[in-house]
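Protein chains: 2
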Amino acid sequence: MLSFVEENYLKAIYHLSEAGKRSVNTNSLAEEMKTAPASVSDMIKRLSEKKMVDYQKYRGVNVSGKGKIKALHVIRQHRIWKVFLVEKLNFQWDQLDEVAEQLEHIKSPLLIQRLDEFLGFPKFDPHGDPIPDENGQLIEKRKDPITQLPVGTAGIVVGVNGSSASFLKYLDKVGISIGTRLQIVDRMEFDGSVDVTIDGKKTITISPTVAENILLSEA
Amino acid sequence: MLSFVEENYLKAIYHLSEAGKRSVNTNSLAEEMKTAPASVSDMIKRLSEKKMVDYQKYRGVNVSGKGKIKALHVIRQHRIWKVFLVEKLNFQWDQLDEVAEQLEHIKSPLLIQRLDEFLGFPKFDPHGDPIPDENGQLIEKRKDPITQLPVGTAGIVVGVNGSSASFLKYLDKVGISIGTRLQIVDRMEFDGSVDVTIDGKKTITISPTVAENILLSEA
DNA sequence: AATTTTTATTAGACTAATCTAAATACTATA
DNA sequence: TATAGTATTTAGATTAGTCTAATAAAAATT
Ligand SMILES: [Mn+2]
Ligand SMILES: [Mn+2]
Ligand SMILES: [Mn+2]
Ligand SMILES: [Mn+2]
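Going down the list, the sequences are from chains A and B.
The working numbering numbers the first residue of the first sequence as 1 and each following residue consecutively.
The working numbering numbers the first residue of the second sequence as 220 and each following residue consecutively.
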């Protein structure tokens, strides 16, 4: 059984390696975990002994087969808890992570199974990220920033880049959240501002920066 | 901030001291915590330095003012989570504690406040134990085993003694759970068996042992 | 190709939480 | 009230996870 700390490292390695595609160097992991590089070296050695990561000194680290499954398991729990916090307890987006970081480590297969059921087997979390199934399978869905879609396109908001409190507050104010349907009705040539219709009702103009950070998925 | 382990010790001291009424000796605490007495001595010293317990060597330990509030805070979270597990996720009574022991340590005042609200501000947990409020205030309610109540009495099931799986299964089968209304309609002199009416509907006979372990509170 | 800079690992120390074994204090009983 | 027995504390070790400082390897620059 892995400790909370080991689970957090494994998750960080998984994310930094972009789902296992490339290996992760010690310093970036140290930055991510907010620890000293020396601590990372120690921990990698331990995870390596437990066959959770593939590691060669000075060559970087990556999740092993076992480690990837474990990481996806933690990610699954993290995202399911987020759905719960938003859907049932009305949490704001910026209050989610602190709590989900703790809840993701609760050890009880029954708990997460029942919670998943209680929430109606959600496929995406409130940030639009896909929830792995019990076996670690991910349904990947195309997510494009509004800036990269042509005028006329309609889609569902499935995520946002970044999570600054002020940005999220702005989205709340104009009535955009995960699940909102947006249609791109115009794009201004001179600065890239975009007119979008929200849920078929009102139309607003968003700045290019905002457009760049809202992710749509084919409706 | 206290660690999980410190919180568990504090809760155990609170319980074993019967809410702070008498001091607790090292061995009983060691038994409760399933650790060596030496480990208990170490931990007590630490909690004492943090002013969470009152302690004099060889004289036993008890919760301090601060410690009692902290213990009640953890107990509050434990019991609120139990309500959630039973009411929302349909957990069985015997599956509760393992998970609630973990969930009670999640650090987020907002989480427990919202959860409490989501559950409709419950006053008792599924075992019939009262839930302390945010300030650690407890509403104590008389709980009497059926054996000690006269024929004619009606009341709500607010708890059970013990929690053997087979006993709980029996209660499920006959349709008795927390919140069920029972009326005592007869008591057999020769063996103490009791006839009770369940929720005003059917009447069944329960053995003296069962009667002894079901706790009623004035309706 | 040699040198400098960056990155990563080891050395050694610290705290929390645990253990076993040894020492000490309290309690009960003769 | 001395002694035996029990309860409790201390001594000393261990493991997880962390740190700083020192060393070593790899990469980048001259
Ligand atoms: Mn976490
Ligand atoms: Mn010690
Ligand atoms: Mn606990
Ligand atoms: Mn080391």
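All residues carry an ideal CB built from backbone N, CA and C; glycine is no exception.
Small disclaimer: the values here were computed from a predicted structure and weren't measured.
Task: For ligand 1, residues whose Cβ lies under 6 Å from any non-hydrogen atom - done: The set, ordered by position in the chain, is Asn8/A, Glu101/A, Glu104/A, His105/A.
TODO: Could you tell me the distance, in whole angstroms, from the CA atom of Gly398/B to the CA atom of Lys289/B?
DONE: Mapped onto the second sequence, residue 398/B falls at position 179. Mapped onto the second sequence, residue 289/B falls at position 70. Straight-line Cα distance between these residues: approximately 29 Å.
Task: DSSP three-state assignment for Tyr228/B, whether helix, strand or coil - done: To locate residue 228/B, count along the second sequence from 1; it is residue 9. Helix, per DSSP.
Open item on the list: With three or more C-beta pairs closer than 8 Å as the rule, is the stretch 266 to 276 of chain B touching the stretch 248 to 256 of chain B?
Closed with: Touching, no, given that fewer than three Cβ pairs across the two stretches are closer than 8 Å.
- [ ] With DSSP collapsed to three states, give me the class of Ala255/B.
- [x] Within the second sequence, residue 255/B is the residue found at index 36, counting from 1. In the three-state DSSP reduction, Ala255/B falls in the coil class, being neither helix nor strand.
Task: Contact under 7 Å by Cβ, Ser217/A with Lys141/A - done: The sequence position of residue 217/A within the first sequence is 217, counting from 1. The sequence position of residue 141/A within the first sequence is 141, counting from 1. Yes. Within cutoff.
TODO: Anything in chain B within Cβ reach of Phe118/A, meaning under 8 Å, just list it in chain order.
DONE: Along the first sequence, one-based indexing puts residue 118/A at 118. Near Phe118/A (Cβ distances below 8 Å), the residues of chain B are Lys307, Leu308.
Task: Limits of the beta strand (DSSP E) - the one that Ser385/B falls within - done: Translated into the one-based positions of the second sequence, residue 385/B becomes position 166. In this chain, Ser385/B is not harboured by any beta strand (DSSP E); it is covered by the alpha helix (DSSP H) spanning 384 to 393.
Task: Own chain, CB closer than 8 Å to Arg265/B, minus 5 neighbours either side, in chain order - done: Position 46 of the second sequence, counted from the first residue, corresponds to residue 265/B. Result list for Arg265/B: Glu225, in chain order.
- [ ] Determine which residues share a DSSP beta bridge with Phe343/B and list them.
- [x] What you label residue 343/B is simply residue 124 of the second sequence in a count that begins at 1. Residue pairing for Phe343/B: DSSP places it in a beta bridge opposite Pro349/B.
Open item on the list: Whole angstroms are fine: how far does the CA of Asn246/B sit from the CA of Ser28/A?
Closed with: Residue numbering aside, residue 28/A sits at position 28 when the first sequence is read from its first letter. Residue numbering aside, residue 246/B sits at position 27 when the second sequence is read from its first letter. Each residue's Cα considered, the two are about 48 Å apart.
Open item on the list: The beta strand (DSSP E) that contains Asn213/A, what's its start and end?
Closed with: As a working mapping, residue 213/A is identified with position 213 in the first sequence. Going by DSSP, Asn213/A is part of no beta strand (DSSP E) but of the alpha helix (DSSP H) stretching over 208 to 213.
Open item on the list: Is the beta carbon of Val415/B closer than 7 Å to that of Leu401/B?
Closed with: Locating residue 401/B in the second sequence gives position 182, counting from the first residue. Locating residue 415/B in the second sequence gives position 196, counting from the first residue. Yes.
TODO: Flag Ser108/A as yes if its beta-carbon sits less than 7 Å from any beta-carbon of chain B, otherwise no.
DONE: Residue 108/A sits at position 108 when you count from the first residue of the first sequence. Ser108/A counts as touching chain B.
TODO: Please determine, among Val74/A, Ser17/A, Lys50/A, Ile44/A, the residue with the shortest C-alpha to C-alpha distance to Tyr58/A.
DONE: The count along the first sequence starts at 1 and reaches residue 58/A at position 58. If we check each option's Cα against that of Tyr58/A, Ile44/A comes out closest.
- [ ] Count the other C-beta atoms from every protein chain shown that fall within 10 angstroms of the C-beta of Phe91/A, then say buried if there are 16 or more, exposed otherwise.
- [x] Against the first sequence, residue 91/A aligns to sequence position 91. Its Cβ being crowded by 16 or more others within 10 Å, Phe91/A is buried.
Task: Secondary structure of Leu111/A, DSSP reduced to three states - done: Here the question's residue 111/A lines up with position 111 in the first sequence. It is helical.
- [ ] Give the single residue among Ile417/B, Lys392/B, Pro427/B whose Cα lies nearest to the Cα of Glu408/B.
- [x] Counting from one through the second sequence, the residue named residue 408/B turns up at place 189. It is Pro427/B whose Cα lies nearest to the Cα of Glu408/B.
Task: Amino acids of chain A, ordered along the chain, whose beta-carbon sits closer than 9 Å to that of Ser333/B - done: The residue you call residue 333/B lines up with position 114 of the second sequence. The question names Ser, but residue 333/B is Arg in the sequence shown. Neighbourhood of Arg333/B in chain A, by CB distance below 9 Å: Leu85, Lys88, Leu89, Asn90, Phe91, in chain order.
Task: contact_flag[the stretch 295 to 303 of chain B, the stretch 101 to 121 of chain A] where n(CB pairs < 8 Å) is 3 or more - done: No, because fewer than three Cβ pairs between the stretch 295 to 303 of chain B and the stretch 101 to 121 of chain A fall closer than 8 Å, the two stretches do not touch.
- [ ] List the residues of chain A whose Cβ lies closer than 7 Å to the Cβ of Leu322/B, in chain order.
- [x] Stepping through the second sequence from its first residue, residue 322/B is reached at position 103. Against chain A, the beta carbon of Leu322/B has neighbours under 7 Å at Ile106, listed in chain order.
Task: Assigned secondary structure, Tyr277/B (DSSP; H/G/I helix, E/B strand, else coil) - done: Taking the second sequence and counting its residues from 1, one reaches residue 277/B at position 58. Secondary structure of Tyr277/B (DSSP, three-state): coil.
- [ ] Spatial neighbours of Arg76/A within its chain, please: CB distance less than 8 Å, with the 5 preceding and 5 following residues excluded, ordered by chain position.
- [x] If you number the first sequence from 1, residue 76/A lands on position 76. For Arg76/A, same chain residues with a beta-carbon under 8 Å away, outside a window of 5 residues either side, are Ile112, Ile131, Pro132, Asp133, Glu134, Gly136 in chain order.
- [ ] Please list, in chain order, all residues of the same chain as Asp410/B whose beta carbon is under 7 Å from its beta carbon, the five residues on each side excluded.
- [x] Locating residue 410/B in the second sequence gives position 191, where the first residue counts as 1. A distance below 7 Å between beta-carbons, with the five flanking residues on each side excluded, links Asp410/B to the following residues of its chain, in chain order: Pro427.
Open item on the list: Distance cutoff 7 Å, beta carbons only. Does Val293/B sit that close to anything in chain A?
Closed with: As a working mapping, residue 293/B is identified with position 74 in the second sequence. Not one beta carbon of chain A lies nearer than 7 Å to the beta carbon of Val293/B.
TODO: Run the CB neighbour count on Phe124/A, radius 10 Å, all protein chains shown included, and call it buried at 16 or more, exposed below.
DONE: Within the first sequence, residue 124/A is the residue found at index 124, counting from 1. With 16 or more Cβ atoms within 10 Å of its Cβ, Phe124/A is classed as buried.
TODO: Could you tell me whether the Cβ of Leu111/A comes closer than 7 Å to any Cβ of chain B?
DONE: Along the first sequence, one-based indexing puts residue 111/A at 111. Yes, contact with chain B.
TODO: Run the CB neighbour count on Gly162/A, radius 10 Å, all protein chains shown included, and call it buried at 16 or more, exposed below.
DONE: Here the question's residue 162/A lines up with position 162 in the first sequence. Exposed is the call here.
Open item on the list: Looking only at its chain, what residues have a beta carbon closer than 7 Å to the beta carbon of Arg406/B, apart from the 5 residues adjacent to it on each side?
Closed with: For the purposes of this step, residue 406/B is identified with residue 187 of the second sequence, where counting begins at 1. Same-chain partners within the cutoff: Val370, Val413.
- [ ] Compare the C-alpha of Thr203/A against each of Glu212/A, Arg22/A, Val210/A, Val174/A and name the closest.
- [x] If you number the first sequence from 1, residue 203/A lands on position 203. Nearest Cα to Thr203/A within the set Glu212/A, Arg22/A, Val210/A, Val174/A: Val174/A.
Task: Amino acids of chain B, ordered along the chain, whose beta-carbon sits closer than 8 Å to that of Gln95/A - done: If you number the first sequence from 1, residue 95/A lands on position 95. Within 8 Å Cβ-Cβ: Leu329.
Task: chain A contact residues for Ser317/B, given Cβ-Cβ distances below 8 Å - done: Residue 317/B sits at position 98 when you count from the first residue of the second sequence. Strictly speaking, residue 317/B in this sequence is Glu, with Ser absent from that position. Chain A residues near Glu317/B: Ser108.
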